[in-house]
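Structure first, commentary second.
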Amino acid sequence: CSLFLYTPQEATYLFSGSYPEFNKFYAPALLQEYVMKEAIKRHIPFYNFLGITGIFDGSDGVLRFKQNFNGWRIHA
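To convert, count from 1 in the sequence shown and add 138; that's this note's numbering.
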C-alpha cells in the first residue's frame with residue numbers, strides 16, 4: 139500500500155508499507171516504477187521520495203532502497 143501525490147511540478151512519494159513475507163515480489167519497487175512512469179507520461183519534471191534524514195552512513199535501508207533508483211538529493 140502506498141500514497142503518492144501528483145502536482146504539475148512534482149510527483150511525491152508520501153509513504154508506504156508492505157508485509158515482510160511478500161518481499162520476494164518487490165512490490166515497493168514496482169509501485170515506485172509505476173508512479174515514475176506515470177509522472178513521465180504527465181510531463182512532471184521531479185519525483186520526490188521524501189523522508190531522508192541526512193545520515194548517509196549506509197545504515198539506513200530506506201535510503202539504500204531510494205538510492206537504487208539513481209536519483210540525487212536536493213537540499214531545500
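Just so you know, even glycine gets a beta-carbon here, dropped at the ideal spot from N, CA and C.
Residue range of the alpha helix (DSSP H) that includes residue i
i: Tyr151; result: Premise fails: Tyr151 lies in the beta strand (DSSP E), Glu148 to Ser154, not in any alpha helix (DSSP H).
i: Tyr172; result: Ala165 to Lys179
i: Phe142; result: It is not in any alpha helix (DSSP H) - Phe142 instead sits in the beta strand (DSSP E) that spans Ser140 to Tyr144.
i: Phe184; result: Phe184 -> not in any alpha helix (DSSP H); beta strand (DSSP E) instead, spanning Phe184 to Asn186.
Distance between beta carbons of residue j and residue i, contact taken as under 8 Å
i: Ala177; j: Tyr185; result: 6 Å
i: Phe160; j: Leu141; result: At roughly 18 Å, the Cβ-Cβ gap does not stay under 8 Å, so Phe160 and Leu141 are not in contact.
Residue burial classification, residue i (beta-carbon count within 10 angstroms, cutoff 16)
i: Tyr151; result: buried
i: Leu143; result: exposed
i: Leu168; result: exposed
Residue of the options minimising C-alpha distance to residue i
i: Glu148; options: Ile182, Phe187 and Arg211; result: Ile182
i: Lys204; options: Asp195, Phe187 and Tyr157; result: Phe187
i: Tyr157; options: Asn206, Cys139 and Gln170; result: Cys139
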